[in-house]
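Engineer: In this note's numbering, the protein residues as written are 2 to 191. We put the beta carbon where it would ideally sit given N, CA and C, even for glycine. All of these numbers come straight from a predicted model, not from anything done at the bench.
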Amino acid sequence: MSANTGLLTSRCDPFGAESRIQMLGGLYDERHRGQYMWHCAEPAIGRYRMICTGGDYGFRGANDGGIVSASHCDGGHQGQVMALCEVHVAEFSVGPPKPGWSKDMRTPHGQVGGTKANEMCPACAFPPEARALTETANALQQQMAQYQAYGLMSEFARVQGQQDQIRARLDELHQTGRVHKCPLILREVS
Ligand SMILES: [Zn+2]
Ligand SMILES: [Zn+2]
Ligand SMILES: [Zn+2]
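1) Is it buried or exposed, aspartate 65, if we count other Cβ atoms within 10 angstroms and call 16 or more buried?
2) Indicate whether the contact test is met: 3 or more Cβ pairs, each with one atom in the region 145 to 156 and one in the region 40 to 56, closer than 8 Å.
3) Where does valine 190 land, buried or exposed, given buried means 16+ other C-beta within 10 angstroms?
4) Just checking proline 15 against ligand 1 - is the residue's beta carbon closer than 7 Å to any of the ligand's heavy atoms?
5) Cα-Cα, which of Gly56, Leu85 and Cys74 is closest to arginine 50?
6) Which residues does DSSP list as the beta-bridge partners of arginine 48?
7) I need the straight-line Cα distance from serine 94 to arginine 159, nearest angstrom please.
8) Output needed for arginine 188: all residues of its chain with C-beta closer than 7 Å, excluding positions within five of it in sequence on either side, in chain order.
9) Let me have the residue list for ligand 2: C-beta closer than 5 Å to any non-hydrogen atom, ordered along the chain.
10) Histidine 73 by DSSP, collapsed to three states: which one?
11) By DSSP, does arginine 179 sit in helix, in strand, or in coil?
12) Who are the Cβ neighbours of tyrosine 58 in its own chain at under 7 Å, not counting the five residues just before and after it?
13) So, is proline 15 buried or exposed, given that buried needs 16 or more other C-beta atoms within 10 angstroms?
14) Using only alpha-carbon positions, find the residue among Glu87, Ala91, Ala138 and Cys183 that is nearest to arginine 170.
15) Taking the straight line between their C-alpha atoms, what separation do you get for isoleucine 186 and proline 129?
16) Would you kindly work out how many angstroms separate the C-alpha atoms of glutamine 163 and tyrosine 148, rounded to a whole number?
17) When you compare only the Cα positions, how much space is there between valine 90 and methionine 83?
18) Which first and last residues belong to the beta strand (DSSP E) in which glycine 153 is found?
19) Could you check the C-alpha separation between cysteine 125 and aspartate 165 for me, to the nearest Å?
Put into structure tokens, the structure is as follows:
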């Protein structure tokens with residue numbers, strides 16, 4: 002790969018707002034761009050990327066009274082390279098701010114189209130299994146709504162049973178630390 006020779010004259014481009022957002026391997030597309038649909042007018046002082054710090058997670062005993070060992074995350078997930086100005090380097094170097102989840106423990110606050118870039122690693126917060134399960138859960142939810150609207154209660158109950166299993170598995174992923182919130186740190190790319 003050739004160097005980015007336009008560095009010294011390039012504008013600050015947090016999240017690749019001028020191209021398309023590609024946080025952590027294109028996990029997010031334009032739908033999640035949210036409030037970052039603006040351009041920063043400051044000149045970039047360097048190229049940076051977010052790195053996942055890793056950590057230890059998981060907090061539940063097993064049903065049989067044993068202990069579920071905490072998940073260890075090696076971290077190392079990398080965000081896309083961003084040209085950043087001094088202000089944004091400072092902003093993204095602070096933190097991470099307190100991560101949070103919605104009451105049902107399924108939706109992280111902030112990170113997705115949210116207010117802070119460095120809140121948590123999306124690859125850790127949305128591993129493939131959790132993403133697939135969440136998609137299935139959403140589809141089942143729509144099905145249930147339709148069955149309910151048409152009064153098809155036995156079908157509703159059947160899908161609800163499937164849904165309960167999906168939700169239980171998702172809960173398990175959270176509780177055992179498979180889904181977790183790794184902080185991100187900003188590193189300069191040489
Ligand atoms: Zn900037
Ligand atoms: Zn990560
Ligand atoms: Zn992690």
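Structural biologist: Once the coordinates are examined:
1) exposed
2) Contact annotation: the region 145 to 156 does not touch the region 40 to 56, with fewer than three C-beta pairs closer than 8 Å.
3) exposed
4) yes
5) The candidate whose alpha carbon is nearest that of arginine 50 is Leu85.
6) Ala84
7) 49 Å
8) Tyr49, Arg50 and Ile52
9) Cys53, His78, Cys122, Ala124, Cys125 and Cys183
10) In the structure shown, histidine 73 adopts extended strand secondary structure according to DSSP, grouped into three states.
11) coil
12) Within the same chain, tyrosine 58 has close Cβ partners Ala71, Ser72, Cys74, Gly178 and His181.
13) buried
14) Ala138
15) 22 Å
16) 14 Å
17) 10 Å
18) Position check: residue 153 holds leucine in this sequence, whereas glycine was assumed. From DSSP, leucine 153 is part of no beta strand (DSSP E); its letter is neither H nor E.
19) 23 Å
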